[in-house]
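In what follows, a single structure is set out as structure tokens and then discussed.
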Amino acid sequence: MKIKVCGLKHPDNIEAVTALQPDYLGFIFYGKSPRYMAGLPVDALQAIPATIQKTGVFVNESAENIEKLIAEYGFDAIQLHGDESPEFCAAFKGRVTVIKAFGLNEGFDFEQLKDYANNVDLFLFDTKTKEYGGSGKTFDWAILDQYKLEVPFFLSGGIGPENIAEVKNITHPQFYGVDLNSRFEIEPGLKNIEKLQQAFNIINNKKQQMKYGVNEQGYYGDFGGAYIPEMLYPNVEELRQQYLNIINSDDFKAEFDDLLKNYVGRPSPLYHAKRYSEKYGANIFFKREDLNHTGSHKINNAIGQILLAKRLGKKRIIAETGAGQHGVATATVCALMGIECVVYMGEIDMARQAPNVSRMKMLGAKVVPATSGSKTLKDATNEALRDWIGNPVDTHYIIGSVVGPYPYPDMVARFQSVISAETKKQLLEHTGNELPQYVLACVGGGSNAMGMFYHFLDDENVKLVAVEAAGKGVNSGESAATTALGNEGVLHGSRTILMQTEDGQVVEPYSISAGLDYPGIGPQHAHLFKSHRGEYVSITDDEALQAGLLCCQLEGIIPAIETAHALAHLEKMKFEANDNVVICISGRGDKDLDTYIKYFGY
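Its first residue numbered 101, the sequence shown is counted upward by one per residue in this note's numbering.
Printed below as a string of structure tokens:
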């Protein structure tokens, strides 16, 4: 959604609004307007970057004077608010962006716009008034449903801080942007920068933690983006254009929240692990994602994405899985919604996670083995991407981690952020403070960790600790310690950090844990690592298995081996007595019993 700020006339205020980076800035040349920019020096507009379209706003002005002012001020666009004819508009089209404004009310005849359709670039729909120009009042936006032409339009008229969020519910295919004016002013022509900033944040879906979040191009610092074959572009672009509007709509949020509560069983408990606390000399808390329906955090994202897929009209779901928990979660939500499900899984992972394979099949999913490469998660992801290329119209790919092309890393992180949102409230109840000193989580691709970190990102007194799989040792040649062994490159559609050879070939990862057996990390994790916001460490197979057994015997909880990696790192940390430490128990260990049994000889 484009943003236009109109009615500027003070040089310092123009500079401050420019810093917000709107798409258009409007300057009014109409003597009856209180925002008339009479006497504004030309150099007040010279510092406006080329990325912002400088727009002259006119009411029944002569073509000669408009030409003169375009040349004088360097306008990129003109906005015509009077009785200008289609022919008048056509004389400027092709040289500048031509925006023709119309006032709307219930009796407005949209047929009159047909003569303008080929002669303007954009329409602007304002509230109908007796005078030319705006009134600061809104109109019934349902009228927009009557507009059937293909010329995009700006929406103006009565948009203010109190209703800016509602604008995002408008789904008209030609809705191009918003025009912000009188409701964001201290006085006519003097904009309230704080109110505008809040509006920009709402429109751009920016959160408080955007310092470490994704930008509008899909990047986290140096990482992210969408490095995809042309065949995948329509699929990814459809998601990029629609996901935020869909997941921020009231009906989506209501259904998502209801299923998390009544189907998944959220909120998951924040458990004070007393025996752990005694052992490590700090207040240790377990965020119990293992108690969710299906046994891990993966169901949070699966619920979100199946609801998104339904609203996109998809009839078929594909997914990849390593440990099987994402596959089970995806099969579960597909059964719930009555949608076909195909899950790709590495042949080796199918053998070591056989119970989850059976669960997926019982839930009605088709499980397809990946038999190339290392026959693990990387290869399952490759097969899923090939499927999606071959079935672009009716199929949605539910990626299970914060990896892949934008918008997947952001989308999955948002669905998983419920973990940290709940944790802050629960920790406040336990301790009187919503911020812990440490947050720990295991990282393969990194979805449970990103969900656990999400609402703590900007609280830099909270130390974020991400635990990767060292396998048989970081330097053993059999490891998945991405940040220790990897460097920057492209993997599965995004620029990130991954393990690769000098000529860019992916190095096969290894971990006893199928869910951490991945050669890269999500791009947001790569950014947290490179910016030093997060500490990225690694734990060996042996250390993880011993930590898993300790958890069984100290707290009566059998953790997934993925989770056991995070628990193992407690042995290497030093705490103060009053430190609050939260560990994401990402999944239960039922799926790993065979591995535990073989290792310990039970």
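Note that beta-carbon positions come from the ideal geometry of N, C-alpha and C, so glycine has one too.
As the structure is a prediction and not an experimental result, all values here were calculated from the model.
Item	Value
If you count every other CB in all the chains shown that lies within 10 Å of the CB of VAL493, and 16 or more means buried, which is it?	exposed
Alpha carbons only, please: which of LEU360, LYS168, ALA373 is nearest the one belonging to GLU522?	LEU360
Check the C-beta distance from CYS684 over to ILE519 and give it rounded, since I have them as a contact under 8 Å.	7 Å
Can you tell me whether VAL562 is helix, strand or coil according to DSSP?	coil
Roughly how many angstroms separate the alpha carbons of ALA566 and CYS542, rounded to a whole number?	6 Å
Quick check on DSSP: helix, strand or coil for PHE253?	strand
Between PHE553, THR596, LEU645, which lies nearest to LYS572 when the distance is taken from Cα to Cα?	LEU645
Just confirm the distance between the C-beta atoms of HIS625 and GLY546, as a whole number of angstroms; I'd bet it's less than 8 Å.	5 Å
Once the 5 residues before and after HIS393 are set aside, which same chain residues still bring their CB inside 8 Å of it?	TYR363, VAL364, GLY365, ILE399, THR432
Using only CA atoms, which one of LYS379, LYS353, ALA569 lies nearest to GLN405?	LYS353
Within 10 angstroms of the Cβ of VAL157, are there 16 or more other Cβ atoms? Answer buried if so, exposed if not.	buried
So who's on the other strand from LYS466, going by DSSP bridges?	VAL442
List in chain order: all unbroken alpha helix (DSSP H) runs of 4+ residues lying wholly within the segment 319-365.	333-347, 350-359
Got a sec? Which residues, its chain only, sit under 6 Å from LEU591 by beta carbon, not counting five neighbours each side?	LEU598, GLY620
Go ahead and label LEU180 buried or exposed: buried means 16 or more other beta carbons lie within 10 angstroms of its beta carbon, across all protein chains shown.	buried
Are the Cβ atoms of ALA470 and MET437 separated by less than 8 Å?	no
Excluding the five sequence neighbours on either side, which residues of its own chain have a C-beta within less than 6 Å of the C-beta of MET331, listed in chain order?	ILE489
Using the Cα positions of GLU316 and ASN304, report the straight-line distance between them to the nearest angstrom.	8 Å
Any idea what DSSP makes of GLU262, helix, strand or coil?	coil
Look at LYS691 and ALA664 and say whether their C-beta atoms are less than 8 Å apart.	no
Relative to the C-alpha of GLU262, which candidate in PRO252, LEU280, ARG388 has its C-alpha closest?	LEU280
Determine the burial state of LYS109: buried for a count of at least 16 other Cβ atoms within 10 Å of its Cβ, exposed for fewer.	buried
Nearest-angstrom Cα distance between ASN678 and LYS672?	18 Å
Among the residues of its own chain, which have a CB less than 8 Å from the CB of ILE148, if the five just before and after it don't count?	ILE114, THR118, LEU125, LYS154
Rounding to the nearest angstrom, what Cα-Cα distance links GLN600 and LEU527 in this structure?	40 Å
Does the segment 294-303 come within contact of the segment 256-271, defined as at least 3 CB pairs closer than 8 Å?	yes
Look up GLN153 in the DSSP assignment and say whether it is helix, strand or coil.	strand
Could you give the DSSP three-state label for GLY551: helix, strand or coil?	helix
Alpha carbon to alpha carbon, how far is ARG452 from THR582? Give it in angstroms, no decimals.	22 Å
Would you say GLY194 reaches chain D, if we count a Cβ-Cβ gap shorter than 8 Å as a contact?	Included in the structure is just one protein chain, with no chain D present.
According to the neighbour-count rule (16 or more other Cβ atoms, all chains shown, within 10 Å of its Cβ), is MET460 buried or exposed?	buried
May I have a chain-ordered list of the beta strand (DSSP E) segments no shorter than 3 residues that lie completely inside the segment 363-439?	370-372, 383-388, 416-421
Quick check: the Cα distance between PHE129 and GLU285, rounded to an integer number of angstroms?	19 Å
Decide if LEU222 is buried, meaning its Cβ has at least 16 other Cβ atoms within 10 Å, or exposed.	buried
Which residues bound the alpha helix (DSSP H) around VAL607?	It is not in any alpha helix (DSSP H) - VAL607 carries neither H nor E in the DSSP assignment.
Apart from the five residues just before and just after LEU370, which ones in its own chain have a Cβ nearer than 7 Å to its Cβ?	PHE385, LYS387, THR523, GLN526, LEU527, HIS530
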